[in-house]
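S.K.: Attaching a single structure in structure tokens format; questions to follow.
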Amino acid sequence: MSQENQQSRPQGQGRPQGRPADTGSPRISRVDASVASPVKFFFASALLWLLVSSVLAVITAVKLHLPSFLNSCEYLTFGRLDAIQRNVFFYGWASNALIGLNLWLLASLGRFEFRNGWIATLGGLIWNLALTVGIATVLIDSQNAFELLELPRGVALAFFVAFLLAALWPAVAFVRRPTGQVFVSQWYILGASFVLPVVYLLTQLMVLWCPTNGVLQALVHSWFLQNFLLLWLGASALAAVYYFLPKELETTLTGYYLSTVGFWTLFLFAGWTGPATLLGSPVPLWIQSTGVVAAVLLFIPLTITSINFFGTLSRDSGWSRAWNNTTLRFVVFGLVAYTLALALQILFSARSLNAIIRFTSFAAGQQQLLTYAFVSMVIFGAAYYILPRLTGAFWPSAKLVHLHFWSCALAVVGSVAGSLFFGWTQGAALAAAKPFAQTMHPQEALLSSACAVLFLIGHVAFALNALGMLTTCSSSTDEARQA
Amino acid sequence: MNNLNLILAGVFSTVAASFGGLLLAGHAQLGALGRAPAEEGGPLFPALEPGLAIQGRQVYLQLGCVACHTQQVRPAGQGSDIAQGWGVRPSVARDYVLQSQVALGNRRVGPDLANYGARAKSDAEIAAHLSAPAAGSAMPAFPTLFNQGKDGSLQPNERGTALIAYLKSLRQDYSSPEAKLKQ
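Line order of the protein sequences matches chains A and B.
Here the numbering used here is used: the first residue of the first sequence is 1, the next is one more, and so on.
Here the numbering used here is used: the first residue of the second sequence is 1001, the next is one more, and so on.
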């Protein structure tokens, strides 16, 4: 990507993307200034939701080994808080941050100066209001029985409108870009921004507005969930990786020509993998088998992204340079997690293995590997790069950056490893026909509580740093920026 | 690849392919599935749900029970659900045709409930479990589903009664054309 970018950029238009420009404001480029207010809005909301989600995660983790904790009031039941925590994390944190990140990436890559950025901000406002209303409904009224569709159907409509307002810009930015070049990141963002609203709307229609017959709802839901995880969260985060990795290493991508194939195969196969999460469920066998085949075919995009990214990192002491760069440290952590997550998904779509781990915490561990260790870590890395360019300020404290990385990295490694290990041992015990009650490990809940506290510490460190910068915009030391 | 229309058309085709191939095809196969007798002339299954059970399903959804309980029994060979005593036969699509919103679930912190009504002995037993789960259980008590009686004992209130009726209605212990019970 960078190579094409460098070579084919018309003379006079070139400046390193995202860096302060030579003209205009001394610190903030014109492109960055034009997207600054919506992107800052999305990042700030994401940050607030992240804190809410972290506090809720601590409560739900404690409830799993102390069921009587905060149990006097029905609104604080595990079932309600668990659903709220999940929705806050996915719609509040991850989606807000990715909408902001996608806007910034497209504006930067396409050298597109926003006019009417307020439309995107308005979309963000509606998005966050709808989420708040939805959470309140789950808290005091009812919820739907499907993961990430728990919010009432009216909220979904508001989400849809908000997303069109906020993320229609990718298409506009793309069409009106002054440079003729298209980069891999742009394909991924366009694809993700197209898939989410379409899939979300169809799913809402088929599950909540005009419910399909019986188990078909579960089938539609599995289709939605895989699209949401891989083609909205996953593809958006991959876009950021395709941008930051070659850019910060100041090098070219290994096997760049393969990335087209990687893009199309991911979009082609990921949508079919839903039924692979329904093995053994009362849906037709041919549908389950189709899902398994699709999951195995994910091996192709996985191989290509591995060649692209790990090939690049293996050259010119890329690994150590990445480690010493704040953004890349997070991004490369995410990259390793993405590779592991997809490899596990392929491996555990095999019927015999899936029979053991299905319904245990193993699946939760797999999901966390993808959505936290990959997507969230990439967002953090991107935020460390983008926010200084939007605010013209430096990160106030290098120590908080370190605290953030180490607590989140340790927490996610501990949490995912715990879920995978205890999930597997529980599944193996169940397969050996041990009674269910004897297969639960109390250590698992203790470990996840400890990790939830560690997550909270890391997120507070990040929030202090980021809010400090967003509100004061005052500069500190260069050391902090380089961190 | 720098043509917006081409990219969008391509992505649209990939979404349309999985939508058509999985969901529309699935709908063509199962969309019209209804109740049926196991043998000609026999009673139709699944049985209609009592009104109280339908109200109880709302309580089940409200409280987010689906976070920890599934309602699906996998066939023998694909997990040990039947060996665990959670069902006498695997769940089939026809078992769910009357449910306005299926709660199959995807995580088991507690046991599967697809056939819970067949193994629960009495209303009192279910009520006791909801008001004071056994020690060591990860399930919280649900005091808001109960009122204190005059003698100090806990009596299920309106929502509690509905939830108990719903849990009792969860049965997959009948023969259906796709899954006959062994005699």
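Where is the CB? At the ideal position from N, CA and C, for every residue including glycine.
Treat the numbers as computed from the prediction; the structure is a model and nothing was measured.
Once the 5 residues before and after L229/A are set aside, which same chain residues still bring their CB inside 8 Å of it?
M.R.: For the purposes of this step, residue 229/A is taken as residue 229 along the first sequence, with counting starting at 1. Q367, L370 and T371.
S.K.: Compile a chain-ordered list of the residues in the region 1088-1105 of chain B whose CB is closer than 9 Å to at least one CB of chain A.
M.R.: Hits within the stretch, in order: P1090, S1091, V1092, A1093, R1094, D1095, Y1096, V1097, L1098, Q1099, S1100, Q1101, V1102, A1103, L1104 and G1105.
S.K.: By the DSSP assignment, the beta strand (DSSP E) with L1154/B in it spans what residues?
M.R.: Start at 1 with the first residue of the second sequence, and residue 1154/B comes out as number 154. L1154 to P1156 is the span of the beta strand (DSSP E), which, as asked, contains L1154/B.
S.K.: Please go through the region 143-219 of chain A and give each complete alpha helix (DSSP H) segment of 4 or more residues, from N-terminal end onward.
M.R.: Within the region 143-219 of chain A, the alpha helix (DSSP H) runs of at least 4 residues that lie entirely inside it are, in chain order, 153-167, 169-175 and 184-204.
S.K.: Where does the unbroken beta strand (DSSP E) through N71/A begin, and where does it stop?
M.R.: Here residue 71/A is taken as the residue at index 71 of the first sequence, counted from 1. From DSSP, N71/A is part of no beta strand (DSSP E); its letter is neither H nor E.
S.K.: With 16 as the cutoff for other CB atoms within 10 Å, does Q257/A come out buried or exposed?
M.R.: Here residue 257/A refers to the residue found at position 257 when the first sequence is read from its first residue. It should be noted that the sequence gives Tyr, not Gln, for residue 257/A. It is exposed - the Cβ of Y257/A has fewer than 16 other Cβ atoms within 10 Å.
S.K.: By the DSSP assignment, the alpha helix (DSSP H) with F1146/B in it spans what residues?
M.R.: Position 146 of the second sequence holds residue 1146/B. It is not in any alpha helix (DSSP H) - F1146/B instead sits in the beta strand (DSSP E) that spans F1146 to Q1148.
S.K.: Between T425/A and chain B, is there a C-beta pair that is closer than 9 Å?
M.R.: Reading the first sequence from its first residue, position 425 is the one you call residue 425/A. Closer than 9 Å: no.
S.K.: From V182/A to I189/A, what does the alpha carbon distance come to, in whole angstroms?
M.R.: Within the first sequence, the letter at position 182 stands for residue 182/A. Within the first sequence, the letter at position 189 stands for residue 189/A. So the alpha carbons of these two residues sit roughly 12 Å apart.
S.K.: Which residues in the same chain have their Cβ closer than 8 Å to the Cβ of G24/A, if we skip the five residues on either side of it in sequence?
M.R.: Within the first sequence, residue 24/A is the residue found at index 24, counting from 1. Note that G24/A scores 37 on pLDDT, short of 50, meaning its location in the model is unreliable; the coordinates nonetheless yield the value given after this. Within the same chain, G24/A has close Cβ partners R30 and A33.
S.K.: Take P435/A and list the residues in its own chain whose beta-carbon comes closer than 8 Å to its own, dropping the five residues that flank it on each side.
M.R.: Position 435 of the first sequence, counting from 1, holds the residue named residue 435/A. Once the five neighbours on either side are set aside, P435/A has no close Cβ partner at all.
S.K.: By the three-class DSSP mapping on this structure, what secondary structure does A1036/B have?
M.R.: Residue mapping note: residue 1036/B aligns to position 36 of the second sequence, counting from 1. A1036/B: strand per DSSP, three-state reduction.
S.K.: In the DSSP assignment, what residue or residues form a beta bridge with A1179/B?
M.R.: Reading the second sequence from its first residue, position 179 is the one you call residue 1179/B. The partner list for A1179/B (beta bridge, DSSP) reads S1176/B.
S.K.: For T260/A, count neighbouring C-beta atoms within 10 Å of its own C-beta (all shown protein chains included) and say buried if the count is 16 or more, exposed if not.
M.R.: One-based indexing of the first sequence puts residue 260/A at position 260. Exposed, by the Cβ-count rule.
S.K.: Tell me, to the nearest whole angstrom, how far the beta carbon of G271/A is from that of Q226/A; I am working on the premise that it is less than 8 Å.
M.R.: What you label residue 271/A is simply residue 271 of the first sequence in a count that begins at 1. What you label residue 226/A is simply residue 226 of the first sequence in a count that begins at 1. With 8 Å as the limit, G271/A and Q226/A qualify as a contact, their Cβ atoms being about 7 Å apart.
S.K.: Three-state secondary structure (DSSP) at L1048/B?
M.R.: Residue mapping note: residue 1048/B aligns to position 48 of the second sequence, counting from 1. Reduced to three states, the DSSP call for L1048/B is coil.
S.K.: Between the region 268-285 of chain A and chain B, which residues of the former have CB atoms less than 8 Å from a CB of the latter, in chain order?
M.R.: L268, G271, W272, G274, P275, T277, L279, G280, S281, P282, V283 and P284
S.K.: In terms of residue numbering, what span does the alpha helix (DSSP H) encompassing L131/A cover?
M.R.: Sequence index remark: in the first sequence, residue 131/A carries index 131 (1-based). Start and end: G117 to I140.
S.K.: Determine, for A36/A, whether the minimum Cβ-Cβ distance to residues of chain B falls below 9 Å.
M.R.: On the first sequence, residue 36/A is found 36 positions in, with the first residue counted as 1. Chain B, which has no Cβ nearer than 9 Å to the Cβ of A36/A, makes this no.
S.K.: Compare the C-beta of R1171/B against all C-beta atoms of chain A and say whether one is closer than 9 Å.
M.R.: Position 171 of the second sequence, counting from 1, holds the residue named residue 1171/B. Output row for R1171/B: interface = no.
S.K.: Where Y1166/B and A1103/B are concerned, what is the direct C-alpha to C-alpha distance, given to the nearest angstrom?
M.R.: Locating residue 1166/B in the second sequence gives position 166, counting from the first residue. Locating residue 1103/B in the second sequence gives position 103, counting from the first residue. If you take the alpha carbons of Y1166/B and A1103/B, they lie about 13 Å apart.
S.K.: How would you label Y91/A, buried or exposed, when you count the other beta carbons within 10 angstroms and need 16 or more for buried?
M.R.: Mapped onto the first sequence, residue 91/A falls at position 91. Burial of Y91/A is indicated by the presence of at least 16 other C-beta atoms within 10 angstroms of its C-beta.
S.K.: Which of the residues in the region 1129-1159 of chain B, read from start to end, lie with their CB under 9 Å from any CB of chain A?
M.R.: P1133, A1134, G1136, S1137, A1138, M1139, P1140, A1141, F1142, P1143, T1144 and L1145
S.K.: DSSP on A1016/B, reduced to helix/strand/coil?
M.R.: As a position in the second sequence, residue 1016/B is number 16, starting the count at 1. The answer is helix: DSSP assigns A1016/B an H, G or I state.
S.K.: Mind checking whether L390/A and V172/A have CB atoms under 9 Å apart?
M.R.: For this step, residue 390/A is matched to residue 390 along the first sequence. For this step, residue 172/A is matched to residue 172 along the first sequence. The answer is no: Cβ separation not under 9 Å.
S.K.: Between the Cα of L1048/B and those of Q1099/B, F1012/B and L1063/B, spot the shortest distance and give me the residue it belongs to.
M.R.: Within the second sequence, residue 1048/B is the residue found at index 48, counting from 1. For the residues Q1099/B, F1012/B and L1063/B, the minimum Cα distance to L1048/B belongs to Q1099/B.
S.K.: Take A417/A as the anchor and find which of C451/A, W406/A, L403/A and H402/A has the nearest alpha-carbon.
M.R.: Residue mapping note: residue 417/A aligns to position 417 of the first sequence, counting from 1. The residue with the shortest Cα to Cα distance from A417/A is C451/A.
S.K.: Any residues in the region 1033-1054 of chain B with a beta carbon nearer than 8 Å to a beta carbon of chain A? Which ones, in chain order?
M.R.: L1033
S.K.: So Q1101/B and Q217/A are in contact, right, with Cβ under 8 Å, and what is the actual spacing, rounded?
M.R.: Counted from its first residue, the second sequence places residue 1101/B at position 101. Counted from its first residue, the first sequence places residue 217/A at position 217. Yes, Q1101/B and Q217/A are in contact; Cβ-Cβ is about 7 Å, under 8 Å.
S.K.: Report the residue from G468/A, Y243/A and L302/A whose alpha carbon sits nearest the alpha carbon of W264/A.
M.R.: Counted from its first residue, the first sequence places residue 264/A at position 264. Comparing Cα-Cα distances from W264/A to each of G468/A, Y243/A and L302/A, the minimum goes to L302/A.
S.K.: Please classify C451/A: does DSSP put it in a helix, a strand, or coil?
M.R.: Here residue 451/A refers to the residue found at position 451 when the first sequence is read from its first residue. C451/A: helix per DSSP, three-state reduction.
S.K.: Please state whether DSSP places N96/A in a helix, a strand or coil.
M.R.: Reading the first sequence from its first residue, position 96 is the one you call residue 96/A. N96/A falls in the helix class under three-state DSSP.
S.K.: Suppose the cutoff is 6 Å on Cβ atoms and the five residues either side in sequence are ignored; what does the same chain contact list for A1118/B look like?
M.R.: Taking the second sequence and counting its residues from 1, the one referred to as residue 1118/B is at position 118. Within the same chain, A1118/B has close Cβ partners R1171 and D1173.
S.K.: Roughly how many angstroms separate the alpha carbons of A97/A and V1015/B, rounded to a whole number?
M.R.: Taking the first sequence and counting its residues from 1, one reaches residue 97/A at position 97. Taking the second sequence and counting its residues from 1, one reaches residue 1015/B at position 15. Rounded to the nearest whole angstrom, the CA to CA distance from A97/A to V1015/B is 24 Å.
S.K.: Output, in sequence order along the chain, the residues in the region 1072-1088 of chain B whose CB is closer than 7 Å to any CB in chain A.
M.R.: Q1072, R1074, P1075, Q1078, G1079, S1080, A1083 and Q1084
S.K.: If we cut at 9 Å on Cβ distances, does M469/A have a partner in chain B?
M.R.: Looking up residue 469/A in the first sequence gives position 469. Output row for M469/A: interface = no.
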